[in-house]
Amino acid sequence: MLAWRAGAPGRDALVAQTLPYLFSQALTSGSNARPLLRRLFALREALHLLDYTDESISDFKVLLLRCFVSPHFLKAEEGRKLLALVLGVSEGLAREGLEFIRAQVGLMRGRRAAVAAYGEVVFRAWKDGGWVRGEIGEGFLQGMVEAAVHAADKEVAKAARRILWAFVEQKAVAGVEKLVFRLSEPVLFRSLQVANSNVRRNALHLLLDLFPLEDPDVTKDVNDPLLEKQFFLLDKLLMDDCPEIRAVTVEGICRILNQFWEVIPSPTISKKLSKIVDDMSKDSCNEVRLSTLNGLIYLLDNPQSHDILKVLLPRLSDMVSDPALSVRAAAVDLLLAIRDLRSFQYNKVVGLGTLLSSLADDHPRVAKKITELLIPSYFPSKLPLKEACARCIALIKRSPAAGARFCEFALSEGSSPRSLVEFIKVSITLALSPSGLNSAQTDGLVIASAKLIKSLSDEVSSLVALREYFTNAKLKLLFKTAVSGGAQAALLSMVPAISPDLCVLHIECMNIIVNAAVTSKQEECQEALLAAHKLVHLSGRSDEMFEELTNILQSKASYFSGMHGLEPPSCPVASTKRKKGKSLKKTPARYDDVDGNRSSTSVILSNEELTAVGGAAWQLNEILKAEEMRAAFLHSYAEIAFSSLKVISQVYIEQCLHFESLDLSPVFAYLSLATYSALQDVDQTDMSCSESTVVNQSLDHLLRCYDRFVNGSVTVSTDSTSTLNKNKKSAEHEHQQHVTPEGSPAEGTINVIMLGTSILKFIVDTTTIKLVNESKVRCVGFASSYTKYAVSAMKRHSEGSSFNGDDLKDILILTRSSFTYAAKLLHLVLASSTESSSPPEEAFLLANNLLDLVPAVESFAGPRFALTLVSVVKQWLPVLILGLGCRWLIGPESEMANKTCNLGDSDLPLWVAALAKNELFEAEEPREDDQSEQGNEHEESPSSRKLAETMVTLLRKGSPKILDSVGGILLSNLQLALQRAEHGIVLGLARFVCDKLLGSSSSSSSASQNLQLTRDSLRESFFEIDRHCKEDGRVDDECSRQQLESAKVLISSVLPYDACSQTS
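Under our numbering, read the sequence shown as residues 8 to 1071, first letter to last.
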C-alpha cells in the first residue's frame, strides 16, 4: 500500500496478487470489512491495469461479480464507489454486473436500502463515463423503465423506480434529464391510457416521480404542450375506474402542487384543488377520501397554498363524521396541522359542536386526537392552574359527555398529574355544591373525575392525595348527587383506587342490584349494575348479592308454579353467609313434575309478571360470565338458582307466543347455568365431559317443554323409527298454530324463533365441547322440527303480510343464525357417524328442512333478503348435500344396499319444487303474442337458482357416490310429484337431473352406468311415467301429456337403449 502511494518503481507488479487477496478478504470479513474497503478504494486506479480479456483473470472476475451481491459493499460508501468503478473497467464486467443488478431488483422487493444502493452504483458508473454511459447502460435503464411500468408485481415495479430515482434526483447533472426524457417519454404516455389497471398504476407512479417530464433541449413553448398533456392525464386519472389509481393521483397532485407551486398557473392550481376538495373528498372509496386528506396535509407545508386552502378546507367539515375510521382520524390530523399555522383557525374549518360530538361518541383513536387538538384551549399548561381548570369546567358544562372523554385522554396528551389532581378536586367540589348545575353537568363532572382517576392509577403520589380528599362521607354524598347510571357506574369503579374501605357504598350497590332485579333489564342501568357487581365482589360480600338474586328468582318461580300447577322450587336459601353448598351435579334430578311432561293450567300471565324476573336473570347471566364471581356462585347457589330457573323457563316457553316483546333472559341464564355447572363438575372431578348429566337433563327439559308448545312437532322418542310421517302430519297443526288476542302474531312468532335459536345455540355449544352425548338424535330431531316450524310460520305470515320492517329484519337475522347453528349440529352428527353406525334419519329430514328455508324466505320477504340467506347457505352446502345422501353414504354396506328412496306420503320439499320450477322457467321460450296467465305460471326464484347452480358444481366435482345418492333423492321426489299429478314438477326435475347433474352430452348414458341408485331410479321413473301416459284417465289435458312425454325423452337420453326398450 505504501509502495503504491509512493509511486515506487515496479508497483504494477503487486496488482495481480494484491487486489484478489484484498477483495477476497473483504467478502469474507463480515462486519470487519470496512478497513479493507478503504484499502481497496485507495488502490482503485490499479483496477484499470489488469487485462480483463485474458482467460487467466476469470477467477478474479467472478470475485468482482460476487461483490455486487455483498451487503458489505452495498452499505459502505467506499464499497459502492468500488462497484461503480468495476462497471467501468471492461465491457464484459459492465454487462455482467448490470445483469446481476437487474436480477437483484426482482428479488429485493422490500429491501429499499439495497435497491437504492444499486441505483447509486449505476448512476456513479454512468457519470464516470465508462461502458455504462454507452449502449450497455442505456439498455439497462430502458429495461428498468419497462419494469417500472409493466411489472405485474407492484413491489418489482417499485424497486425499478428506485433505481431510476437515483438519476431523477440528479437532474442537475449534465445529460441526466435528457437521458430520462428520452427513455421514459415513448413508454410513459402510452401506458397511462391502456386498459390494464396495473400498468396504469405503475405508469402513474413513474410520472409522479419524473414530473415535470420535459425535454431540456427545446424551448419553453415546445415544452408547454407537453406539460399540459401531463396535467390532462392526471385529471383523467382522477376519474379512473380503479380506486387505487384515484387515491395515488390525489396524493400525487398535492405533492406536485407543493413542489412546483411557483411555476404552475394559478387557474390550474384552483381547478385541481377544487376538484380534489369538492369531488374526491366524496369518493365512494375510503382510500381515495383518505388520500385527499393526506395530500392536503402535505400541501399545507407550502405557505403559498394557505390563501386558497382557507377558502376550500371548510368544505371538508363533514369528513370528521365520515363512516370510515381511518378517514375520520385523518380529518383530525388535518385540523392538527392547521392548528400549528398562525394564518389558520381550525374551528373555522370544523365547528366546535361537531368536534365535541365526535369527541363524545367516536372511536378512542379519533377521540384522543381531538383531545390533542383541544387541550391547548381547554386545559393549557401555560396558563395558571385555576384558569386552566375553569376552562375545562366550561367544556364539561357545554358538553358533559365530550368533557368526560376529554379528561380520559388528558394525561396521555401531556397534562401533568399534579394539575389533574387539582382539577379532580375542583370538579368534585363543584358537583357537591349547590351551584345551579343541571343533572347532566353534575354527572359529567363525576364521570370526568372517574376517568382521570383511572388514568392516574399508576401515579402513586397522586392516588395518596386523592385518598386524603375522598372521605367516606364525601363518597356517599357524591353517590346521592349522581343521577344517571353512567355516573353511578363511574363513581363505583373509582372506589377501589381512592378508598381503603371497599364497603363504603355497599348499601347503595345492593339497592341498585335489588331494584334492577325486579324489573326487566334496562340499557341505562346495565353499566351501573356491572360496576356494583364488581365492587360488591371486591369487598368480599358477594354472598349477600347472590342470596338476594336467588331469593328473587325462587320467589317468582314459586308464584309461577302456583299459577301453573307445577311443583315449586326446592331447597330454600340459607341465612346470609352460606359456608358450604351442594354443586349442581350432586343434586338428584326430579323430572316427574317439572320436566316438561306435565301440562300446566292455561293461565296467561301479564307482561309485567313475566318481565319481573328478567332483571334478576340477566344479572345472574352476567355473574356467570365473570370468571372471578362464577366459581363462588356455583359453589353455594347453583342448586336453588337452577331449580328456580327451570320452573321460570318452562313458563316462559309456554307463554312466549302470547306477547309482543318477551325478555328471554331467564332461559339464557338457565342454559348458561347448566353449562358452567357441568364444566365446573368436569374440572373438579377430572371426569370426561361426556359423563356430565347436567346438560343432558336440562336439554331434555327444554325439548319436552318446546315439544308440548308446538303441539308435538318435536320428536322425543329415542328409538330409530322413522319420524318422517310424524313430522309431516304435524304440519297441519303448525299451519293452524293458535295466537291469543293478547299477543301480536308477528311478535309471537319472533319470540318462538328467538327461543328456538337460543336452544339450538345451546345444543351446538355443548355438543362441540362434548357435554351432550346420548341426546344427539333428539337434538337433530328438534332442529328439524324447529326449522319446519320456521318454514311454516313464514308461509303463513307471507299470506297475511303481518310483519313490518323491523319485525322482518329481526326474524331474518334470527333465521340466519338458527340456520348456522342447525347446520353446525348436522355437521357434528355426520362427523360422529362411522361405517358401523349410520346417521339418524332425522339428519336427512334436517337437511331438507334447512334447504326449504331458502324458498320460504324468498316467498316471505322477497329475493333481496333471500339472497342474503343464500350467502350463508353456500358455506354449509357441502354439509347439507351429505345430509341429503347420508342414508346411502354412511353406515354398514349391507344396510345401505337395501335402502331405497321411497318418501311415502310425505310432502314435496319446497326447495325441490322451487328447483323444478326454475328449470321450467329456463325452458320456456318467450312468445310476444302470448300474454296470458300461462306465460307467468312459473316465476323464477333467483335465490333457489343460485343455490342450485352451486349444488350442481359441487356434485359434479365431488364423489360419484354423493352424486348418485342426491340423484336418487331427486328422482324419488319426481315419483312423488307424479303420484300427486304435479306434471310440471316431474318435467322440471327430469330436466335438472338429466341435463344439469348428468349432462346432456353423449357421455350421459355411460355416466349413468356408474351411478347405480340414480340409474335404477331413472328406469323406475321412466316406467312409471310411461304407465301414466298409457292408462286412461290418468292424464286428462294435453299440456300435462306433453310434459310427461318430454320427461320420458329426457330420461331415455341418459339411459341405455335396452333399459327403455321393454316398454315398446
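Cβ atoms here follow ideal geometry from the backbone N, Cα and C, with glycine treated the same way.
Excluding the 5 residues preceding and the 5 following Leu954 in the sequence, name in chain order all residues of the same chain whose CB lies nearer than 7 angstroms to its CB. If you number the sequence shown from 1, residue 954 lands on position 947. Same-chain partners within the cutoff: Val861, Val877 and Val880.
Beta-carbon within less than 6 angstroms of Phe553's beta-carbon, same chain only, minus the 5 sequence neighbours each way: which residues are those? Stepping through the sequence shown from its first residue, residue 553 is reached at position 546. Taken in chain order, the residues that qualify are Phe640 and Tyr644.
Are the region 765-778 and the region 821-841 touching by the rule of at least three beta carbon pairs closer than 8 angstroms? Judged by Cβ distances under 8 angstroms, the region 765-778 makes contact with the region 821-841, as three or more pairs qualify.
Is the CB-CB distance between Thr1126 and Ala417 below 8 angstroms? Since the displayed the chain opens at 8 and closes at 1071, residue 1126 lies outside it and no answer follows.
In whole angstroms, what is the alpha-carbon distance linking Ile660 and Arg987? For the purposes of this step, residue 660 is identified with residue 653 of the sequence shown, where counting begins at 1. For the purposes of this step, residue 987 is identified with residue 980 of the sequence shown, where counting begins at 1. Between Ile660 and Arg987, the alpha-carbon positions lie close to 38 angstroms from each other.
Give the straight-line distance between the Cα atoms of Phe872 and Ser273, rounded to the nearest whole angstrom. Along the sequence shown, read from residue 1 onward, the residue named residue 872 stands at position 865. Along the sequence shown, read from residue 1 onward, the residue named residue 273 stands at position 266. When rounded, the distance between both Cα atoms is 52 angstroms.
From the DSSP output, in three-state form, read off Ser469 for me. For the purposes of this step, residue 469 is identified with residue 462 of the sequence shown, where counting begins at 1. Looking at Ser469 - three-state DSSP - the assignment turns out to be helix.
Leaving aside the five residues before and after Leu981 along the sequence, list all residues of the same chain whose C-beta is less than 6 angstroms from its C-beta, in chain order. On the sequence shown, position 974 is the one that residue 981 refers to. Contacts found: Val993, Leu996 and Ser1028.
May I ask you to report which of helix, strand or coil DSSP gives Thr841? Start at 1 with the first residue of the sequence shown, and residue 841 comes out as number 834. In the structure shown, Thr841 sits in a strand (DSSP, three-state: E or B).
The alpha helix (DSSP H) with Gly99 in it runs from where to where? For the purposes of this step, residue 99 is identified with residue 92 of the sequence shown, where counting begins at 1. Segment Glu98 to Leu114, the alpha helix (DSSP H) holding Gly99.
Looking at the secondary structure, which residues open and close the alpha helix (DSSP H) in which Tyr385 lies? Counting from 1 along the sequence shown, the entry for residue 385 is found at position 378. DSSP places Tyr385 in the uninterrupted alpha helix (DSSP H) bounded by Pro371 to Tyr385.
DSSP-derived helix/strand/coil call for Ile271: For the purposes of this step, residue 271 is identified with residue 264 of the sequence shown, where counting begins at 1. In the structure shown, Ile271 falls within a coil segment according to DSSP collapsed to helix, strand and coil.
Let me confirm a value: Asn522 is counted as buried when at least 16 other C-beta atoms fall within 10 Å, else exposed. Which label applies? Here residue 522 refers to the residue found at position 515 of the sequence shown. Per the 10 Å Cβ criterion, exposed.
By Cβ distance, which residues of its chain are closer than 8 angstroms to Gln743, with the 5 residues on each side in sequence left out? Locating residue 743 in the sequence shown gives position 736, counting from the first residue. Any reading at Gln743 must be qualified, since the residue scores a pLDDT of 39, below 50, and its modelled position is unreliable; the value itself is stated next. There are no such residues.
Tell me the rounded alpha-carbon separation between Pro27 and Leu70. By one-based count along the sequence shown, residue 27 stands at place 20. By one-based count along the sequence shown, residue 70 stands at place 63. Rounded to whole angstroms, Pro27 to Leu70 spans 8 angstroms at the Cα level.
Residue range of the unbroken alpha helix (DSSP H) whose run includes Tyr125: Within the sequence shown, numbered from 1, the residue matching residue 125 stands at position 118. Where Tyr125 is concerned, the enclosing alpha helix (DSSP H) stretches over Arg119 to Asp135.
Report the option in Glu629, Val225 and Phe567 whose CA atom is closest to the CA atom of Ala619. Taking the sequence shown and counting its residues from 1, one reaches residue 619 at position 612. For Ala619, the nearest C-alpha among the options comes from Phe567.
Is it true that the CB of Ser324 sits closer than 8 angstroms to the CB of Thr361? For this step, residue 361 is matched to residue 354 along the sequence shown. For this step, residue 324 is matched to residue 317 along the sequence shown. Against a cut-off of 8 angstroms, the Cβ pair of Ser324 and Thr361 comes out as a contact.
Whose CA, out of Leu819, Arg715 and Val779, lies closest to the CA of Thr764? Mapped onto the sequence shown, residue 764 falls at position 757. Nearest neighbour of Thr764 by Cα position, chosen from Leu819, Arg715 and Val779, turns out to be Leu819.
Residues near Ser824 in its chain [Cβ-Cβ closer than 7 angstroms; skip 5 each side]: Here residue 824 refers to the residue found at position 817 when the sequence shown is read from its first residue. Setting aside the 5 residues that flank it on each side, Ser824 is surrounded in the same chain by Thr764, each with a C-beta closer than 7 angstroms to its C-beta; the list follows chain order.
Three-state class that DSSP yields for Gly493 in the structure shown: Numbered from its first residue, the sequence shown carries residue 493 at position 486. Helix.
Enclosing alpha helix (DSSP H) for Ala164 [first to last residue]: One-based indexing of the sequence shown puts residue 164 at position 157. Taken as a continuous stretch (DSSP letters only), the alpha helix (DSSP H) holding Ala164 covers Lys161 to Val175.
If you reduce the DSSP assignment to three classes, tell me which class Pro967 lands in. Position 960 of the sequence shown, counting from 1, holds the residue named residue 967. The DSSP-derived three-state label of Pro967 is helix.
Tell me whether Ile403 sits in a helix, a strand or coil according to DSSP, three-state version. To locate residue 403, count along the sequence shown from 1; it is residue 396. It is helical.
For His571 and Gln561, I'd like the C-alpha separation in whole angstroms. Residue numbering aside, residue 571 sits at position 564 when the sequence shown is read from its first letter. Residue numbering aside, residue 561 sits at position 554 when the sequence shown is read from its first letter. Whole-angstrom Cα-Cα distance: 15 angstroms.
Hey, could you find the ends of the alpha helix (DSSP H) Val453 is sitting in? The count along the sequence shown starts at 1 and reaches residue 453 at position 446. Note, Val453: alpha helix (DSSP H), Ser446 to Ser462.
Does the structure place the region 137-144 close enough to the region 113-127 that three or more beta carbon pairs sit under 8 angstroms? Between the region 113-127 and the region 137-144 there are fewer than three C-beta pairs closer than 8 angstroms, too few to call the two in contact.
Candidates Ser191, Cys292, Asp222 and Val229: which alpha carbon is nearest Leu211's? Residue mapping note: residue 211 aligns to position 204 of the sequence shown, counting from 1. Of the listed residues, the one whose Cα sits closest to Leu211 is Ser191.
Going by Cα to Cα distance, which pick from Val658, Asn703 and Pro673 is closest to Tyr713? For the purposes of this step, residue 713 is taken as the residue at position 706 of the sequence shown. Of the listed residues, the one whose Cα sits closest to Tyr713 is Val658.
Would Asp160 and Lys185 be called neighbours here (beta carbons separated by less than 8 angstroms)? Taking the first residue of the sequence shown as 1, we reach residue 160 at position 153. Taking the first residue of the sequence shown as 1, we reach residue 185 at position 178. The Cβ atoms of Asp160 and Lys185 do not sit closer than 8 angstroms to each other.
Hey, is the region 243-252 in contact with the region 262-272, meaning 3+ C-beta pairs nearer than 8 angstroms? Not touching, per the Cβ criterion.
Cβ pair Gln32, Leu43 closer than 8 angstroms: As a working note, residue 32 is residue 25 in the sequence shown. As a working note, residue 43 is residue 36 in the sequence shown. For the pair Gln32 and Leu43, the CB atoms are nearer than the 8 angstroms cut-off.
Under 7 angstroms Cβ to Cβ from Glu85, same chain only, skipping five residues before and after it: list those, please. Position 78 of the sequence shown, counting from 1, holds the residue named residue 85. Cβ within range, chain order: Leu44, Arg45 and Phe48.
I'd like the list of long-range same chain contacts for Thr299, defined as Cβ closer than 7 angstroms, with 5 residues on each side in sequence excluded. For the purposes of this step, residue 299 is identified with residue 292 of the sequence shown, where counting begins at 1. Excluding residues within five positions, the ones whose Cβ falls inside 7 angstroms are Val257, Ile283, Met287 and Ser288.
Quick check: the region 57-73 against the region 88-105, are at least 3 beta-carbon pairs closer than 8 angstroms? Flag = yes, the region 88-105 and the region 57-73 touch.
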